[in-house]
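These protein sequence lines are chains L and W, in that order.
So that you can map any letter, position 372 of the first sequence is 372 in my numbering, and since no number is skipped, the others follow by simple counting.
Throughout, my numbering is defined as the position within the second sequence, counted from one, plus 572.
We treat Cβ as the ideally placed atom computed from N, Cα and C, and that holds for glycine.
Every value quoted in this text rests on a predicted model; they were computed, and no experiment measured them.
Have a look at the structure below before the remarks.
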Amino acid sequence: MTAMEQPNEDSIQIEAGLRRMILIELIFPVVLLVLGIYHGMMQVLYRAGILHRTQVLGIEYFQGLTLHGVVNAIVFTTFFAVAFGYAIVRFYLRRPLNMKVAWLSFTLMVVGTLLAAAAILSGQATVLYTFYPPLRAHPAFYVGLVLVVVGSWVAFLNWLPPYFAWKREHPGGKMPLAVVGIFATFIVWIIATVPVAIEILFLLIPWSMGWVPTVNVPLARMLFWFFGHPLVYFWLLPAYVMYYTMLPKLAGGKLYSDFAGRLTFLWLVVFSAPVGIHHQFTEPGISDTWKFVHAFFTMLVAVPSFATAFTMAASMEHGARQKGGRGLFGWWKKLPYLDKDRWLFSYLFSGLVIFIFGGVTGIINASYNLDTVVHNTSWLPAHFHQTVAGPVFLSFIGMSLFLSATLTGKPIKFPGWNVWVPYLWTIGIMIFSTGGFISGAAGEPRRTNLGLTYSNPQSPLYHADWQFSRICTTIGGILMTIAALIFFVVFFATLFGRATRRGGLELIVSEPYHDESVPAVQGFTPWLIGAALLLVIAYAPPITQTIRSGFPGAPAYSPANPLPVSGSPKQP
Amino acid sequence: MTIFQLEKRIVWVALVFVLLLFGFAALAINTFHIGLPTCLTSVKPFTKGELITHSPTHYELHYVARMWRFEPPEVTVPAGSTVDIYLSSADVTHGLILLGTDLNLMAVPGVVNYTRVKFAKPRSYQLLCHEYCGTGHDRMAATLRVVDAASFHPQASAPEPKIQTDPRYKLLEAKECMSCHSITAEADLAPSFKGIYGRTEKMTDGSVITVDDVYLREAILDPDHKIVDGYDDLMPEPVLTDEEVEQIIQYLKTLK
């Protein structure tokens with residue numbers, strides 16, 4: 001019997017309703033992920049020129065790409081963050097939650113997902129997950145996204161009463177680090193989703209319904225990227241929560257610095273949003289001054305990631321030395337890389353390794369003038385797969401498996417295979433991204449069915465010089481698909497297996513090694529004021545400029561027709 | 573409460589490191605003059621792509637990005653010239669990347685983008701769209717040639733092919749037929765118009781037809797009905813009068 005099958009001291013019994021809801025919120029997006037991963041693999045095959053087609057099995061290239069982005073990056077991540085948030089709030093604050101509100105949040109998110117999925121699958125929302133106007137999606141797509149977001153807001157509201165009750169009962173007490181982390185996650189999420197809600201509700205839905213003839217594209221794009229960058233920190237923060245509160249214990253030691261964790265979470269609340277224009281460096285309509293200001297803030301948002309890298313290395317070193325690790329580098333040998341009882345370590349550790357490369361390439365993208373070399377090339381997907389498909393994806397699927405297994409009391413099936421999943425994924429993503437970086441720096445465009453032209457020797461547009469990267473992305477993509485398949489087998493075999501003990505809500509809790517109470521990082525209030533101030537500084541002038549400039553609006557277009565959707569006026 | 577020395581150092585090292593990186597970016601702006609495309613709100617969006625000559629070494633190039641081509645599709649300038657590139661979108665959001673350079677622009681509907689490039693040496697550049705703009709995005713590309721200043725003839729930079737002056741061609745263009753079809757033999761999103769009349773085509777259902785007046789009329793008015801093998805059912809139903817359909821059919825007959 002492995003250690004995970006023993007009743008665990010870090011396990012608590014929770015209400016049956018909450019247990020059921022967390023389980024469904026974890027399993028539902030993993031099922032959808034099968035679809036998302038399939039379309040990821042298809043991307044690689046199309047782009048490598050293995051397929052010279054516009055569609056496979058009735059799903060068109062860009063329709064599949066839309067599904068890949070919406071399912072993997074929006075639906076899976078949001079559902080997981082909500083489920084993980086419920087687990088943390090219930091586990092650390094030890095108070096039952098309002099189940100009516102919880103099921104309301106759940107229903108909104110599921111209905112929203114189904115609406116958006118129906119719009120995409122019927123071919124009426126082939127607009128990719130960035131849904132840039134004036135390409136128009138069916139209104140159901142926009143309404144679906146709004147419902148998913150509102151559902152996640154409702155979940156966060158549900159966590160506020162236990163949070164304040166805990167504070168009342170522990171005057172002067174330190175809020176558990178994981179709770180600070182998950183609250184930071186959802187504060188960033190609120191900051192991110194308000195501008196995109198404004199974009200969707202006031203610009204896109206009225207225009208997509210035909211109530212207004214045109215849409216202000218520069219304004220919509222600015223609001224989208226106001227959302228787009230804090231969105232990536234909404235993805236990363238739950239991973240950081242796992243790094244700070246679980247990885248040190250899994251490595252056999254303690255968290256090197258509790259202060260670094262709190263500072264990281266609060267710092268991201270302040271700096272994750274006033275940076276969105278770094279996605280718009282090559283766009284007209286925004287002055288260089290504001291592009292430069294956002295480039296500066298973007299550098300500051302890298303600080304907590306560096307601090308996290310140092311802190312994690314120190315924490316793992318502490319763990320390894322506890323287990324007899326010696327020497328300047330010798331201690332690396334004492335980490336539980338393939339320990340089946342601590343299999344979550346392999347998921348978190350692999351993500352950290354990938355993130356080193358994702359972080360460095362992110363700094364390159366944000367470095368103002370360097371961006372013109374790589375903007376909208378395959379460099380970009382190579383970069384963000386090393387972040388969202390690296391630490392984020394691996395920690396999210398790892399924790400989905402961990403929570404599902406412990407809540408049901410079922411042992412992990414195929415543990416020997418399971419522990420290798422993240423390493424295989426890491427090898428795959430490194431090969432995949434290397435290809436993207438090389439051809440991206442040479443200008444290979446992202447979001448393009450290369451198989452039709454640039455990867456098609458029959459086409460006059462054929463590029464033989466991108467051949468090396470095609471081989472890399474294909475090998476990498478297939479390895480990632482195999483790793484994901486093994487994960488799906490482990491995940492569903494575990495769920496369909498027999499329970500060997502009573503299930504409970506279990507989290508891994510690391511103790512801090514240095515545990516100071518630095519007053520500056522004990523409360524959200526000063527940091528929230530800082531965030532509000534920076535947002536006004538960074539966004540009030542460029543948004544005002546965009547509105548005042550009086551840019552002519554654009555009518556709606558369907559992706560398959562160069563003429564505006566009938567009823568819309570023709571562009572002057 | 574004191575913070576342990578190494579913990580403080582972690583934060584300081586991280587801060588100094590990223591500010592150093594930012595310093596390099598600022599340095600590059602000042603010393604190498606590597607900036608970003610400039611915002612232009614004073615220039616109104618345009619729909620005519622053209623090369624304007626200011627002097628033998630200074631040109632103004634107006635690119636229009638539209639589904640799914642750049643106008644003008646081919647441009648020639650002499651080596652050593654400075655080119656002011658203006659980019660406007662006629663429909664949705666597009667991108668423009670000039671391969672082999674760091675010229676990288678977004679074409680956003682409603683706003684004109686601008687950047688200045690100096691072309692030192694003769695070379696043929698490919699430029700392509702790098703933002704998803706619909707079905708034909710994958711083949712939206714154009715050419716920019718930099719030729720030796722001695723062999724450059726200004727009039728050769730914008731030859732208007734004779735065929736494009738035909739009013740019936742203009743009709744095909746206005747109805748956006750030319751976004752997918754072409755009058756050259758090049759493989760495209762849709763069957764080429766070159767030599768289409770009288771051609772035998774295999775259909776996706778296995779049948780073989782000969783292109784005649786009846787078939788053309790049906791293919792124009794009910795494009796979903798029969799699809800030529802190797803192509804996808806992409807064509808929207810056009811809005812055309814009977815007279816226009818007849819004009820198009822007569823024009824297609826002339827394209828040998």
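Not flagged as an interface residue toward chain L: residue 785 of chain W, since no C-beta distance is shorter than 8 Å. As a beta-bridge residue in DSSP terms, residue 557 of chain L pairs with L:135, L:564.
Put simply, the backbone Cα of residue 803 of chain W is about 12 Å away from that of residue 796 of chain W. If you check the CB distance, residue 222 of chain L and residue 448 of chain L do not come in under 8 Å.
Membership of residue 397 of chain L in the alpha helix (DSSP H) is indicated by the continuous run 393-408. The continuous alpha helix (DSSP H) containing residue 24 of chain L extends over residues 16-47. Just measuring C-alpha positions, the residue of L:349, L:342, L:317 sitting nearest residue 334 of chain L is L:317. Here residue 602 of chain W is exposed: its Cβ has fewer than 16 other Cβ atoms, across all protein chains shown, within 10 Å. In this structure, the CA atom of residue 805 of chain W is about 41 Å from the CA atom of residue 422 of chain L. If you check each beta-carbon in the segment 348-362 of chain L against every beta-carbon of chain W, none falls closer than 9 Å. At a cut-off of 8 Å between beta-carbon atoms, residue 613 of chain W makes contact with chain L. Where residue 653 of chain W is concerned, the enclosing beta strand (DSSP E) starts and stops at 653-661. In the structure shown, residue 781 of chain W falls within a strand segment according to DSSP collapsed to helix, strand and coil.
DSSP, reduced to helix, strand and coil, places residue 98 of chain L outside both helices and strands of the structure shown, so it counts as coil.
For residue 648 of chain W, the pairing in a beta bridge is given by DSSP as W:717.
When L:513, L:271, L:162 are compared, the shortest CA-CA separation from residue 226 of chain L is found for L:271. A straight-line Cα-Cα distance of about 5 Å links residue 11 of chain L and residue 505 of chain L. Annotation for residue 761 of chain W: 708, 752 place their beta carbon closer than 6 Å to its own, counting only its chain and skipping 5 residues before and after. Taking 7 Å as the Cβ-Cβ cut-off, the segment 265-296 of chain L approaches chain W at 281, 282, 283, 284, 285, 286, 287, 288, 291, 295, 296, given in chain order. Apart from sequence neighbours up to five positions away, the residues of its chain that approach residue 152 of chain L with a beta-carbon distance below 6 Å are 78, 82, ordered along the chain. Taking 8 Å as the cut-off, the Cβ atoms of residue 298 of chain L and residue 275 of chain L count as close. Under the Cβ criterion of 8 Å, residue 763 of chain W is not counted among the residues facing chain L.
Among the residues of the segment 705-716 of chain W, those with a Cβ less than 7 Å away from any Cβ of chain L are 706, 707, 709, 710, 711, 713, in the order of the chain. Approximately 12 Å separates the beta-carbon atoms of residue 585 of chain W and residue 302 of chain L; this is outside 8 Å, ruling out the contact. Taking 8 Å as the upper bound on Cβ-Cβ separation, chain L lies near residues 671, 672, 674, 675, 676, 677, 678, 680, 681, 682, 683, 684, 685, 686 of the segment 671-695 of chain W.
Shown in chain order are the members of the segment 236-266 of chain L whose Cβ falls below 7 Å from a Cβ of chain W: 257, 259, 260, 263. For a cut-off of 8 Å, the C-beta gap from residue 706 of chain W to residue 553 of chain L is around 19 Å, too long to register as a contact. A straight-line Cα-Cα distance of about 20 Å links residue 251 of chain L and residue 578 of chain W. A Cβ-Cβ contact shorter than 8 Å links residue 285 of chain L with residue 613 of chain W.
Close to residue 609 of chain W, with beta-carbon spacing below 7 Å, are these residues of chain L in chain order: 282, 284. In the structure shown, the three-state DSSP call for residue 707 of chain W is coil.
Pairing residue 76 of chain L with residue 36 of chain L gives a Cβ-Cβ distance under 8 Å. Rounded to the nearest whole angstrom, the C-alpha separation of residue 482 of chain L and residue 542 of chain L is 45 Å.
Burial of residue 398 of chain L is indicated by the presence of at least 16 other C-beta atoms within 10 angstroms of its C-beta. In the structure shown, residue 667 of chain W falls within a strand segment according to DSSP collapsed to helix, strand and coil. Around residue 454 of chain L, the same chain offers 461, 463 as residues with beta carbons nearer than 6 Å, after the five sequence neighbours per side are excluded.
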